[in-house]
């Protein structure tokens, strides 16, 4: 049963990572014009890269915290209804939040690199 749980959680993290990467690619596409303006005003590639990486990490961590709160709420209901024992330690909370940040970092790398490597003139010309 433990192996099945790890496989399910691995697929959940993979799907979440793809979801965040997709959202970040859409964000880059929608803000192509803004990225071009920032770069034409002197923004460095590193600034654009960190801007999108930070956004992906924050998005992922907020999603992880919301997930933890939902698990905690459901566990409280199950504890009262079914005499169910549930332990959510501080270490598990830190591990889950750190893992969410890592998934955000990994899934945000490619969209951030594509945003940082945009040509300013082409980005302004083709921006939405």
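Numbering (this note's numbering), first residue to last: 10 to 137.
Every residue, glycine too, gets a C-beta built ideally from N, C-alpha and C.
The structure presented is a predicted model; accordingly, all values stated were derived computationally and were not measured.
Report task. Check whether the region 67–79 touches the region 108–127, counting contact only when three or more Cβ pairs, one atom from each stretch, lie closer than 8 Å. Result -> For the pair of segments examined, the region 67–79 was found to touch the region 108–127: the number of CB pairs separated by less than 8 Å reaches three.
Query - Buried versus exposed call for residue 79 [16 or more other C-beta atoms within 10 Å across all chains shown] - result: Translated into positions along the chain shown, residue 79 becomes position 70. When all chains shown are included, residue 79 counts as exposed.
Report task. Would you tell me roughly how many angstroms separate the C-alpha atoms of residue 85 and residue 14, rounded to the nearest one? Result -> Mapped onto the chain shown, residue 85 falls at position 76. Mapped onto the chain shown, residue 14 falls at position 5. Cα to Cα, residue 85 sits roughly 21 Å from residue 14.
Report task. Name the residue from 105, 61 and 59 whose alpha carbon lies nearest to the alpha carbon of residue 75. Result -> Here residue 75 refers to the residue found at position 66 when the chain shown is read from its first residue. Minimum Cα distance to residue 75 is reached at 105.
Query raised in the report: Is the beta carbon of residue 57 sitting closer than 8 Å to the one on residue 44?
Result: What you label residue 57 is simply residue 48 of the chain shown in a count that begins at 1. What you label residue 44 is simply residue 35 of the chain shown in a count that begins at 1. Result yes, Cβ atoms of residue 57 and residue 44 sit closer than 8 Å.
Report task. Go ahead and pull the three-state DSSP assignment for residue 42. Result -> For the purposes of this step, residue 42 is identified with residue 33 of the chain shown, where counting begins at 1. Secondary structure at residue 42: helix, using DSSP grouped into helix, strand and coil.
Query raised in the report: Where does the unbroken alpha helix (DSSP H) through residue 117 begin, and where does it stop?
Result: The residue you call residue 117 lines up with position 108 of the chain shown. 99–125 is the span of the alpha helix (DSSP H), which, as asked, contains residue 117.
Query - residue 27 in three-state terms, based on DSSP - result: On the chain shown, residue 27 is found 18 positions in, with the first residue counted as 1. Helix, per DSSP.
Requested in this report: Below 8 Å on the Cβ atoms is my guess for residue 62 versus residue 114; work out the distance and round it to an integer in Å.
Outcome: Position 53 of the chain shown, counted from the start, is the residue given in the question as residue 62. Position 105 of the chain shown, counted from the start, is the residue given in the question as residue 114. With 8 Å as the limit, residue 62 and residue 114 qualify as a contact, their Cβ atoms being about 7 Å apart.
Query raised in the report: Roughly how many angstroms lie between the CA atoms of residue 19 and residue 94, to the nearest whole one?
Result: As a working note, residue 19 is residue 10 in the chain shown. As a working note, residue 94 is residue 85 in the chain shown. Going by C-alpha positions, residue 19 is about 24 Å away from residue 94.
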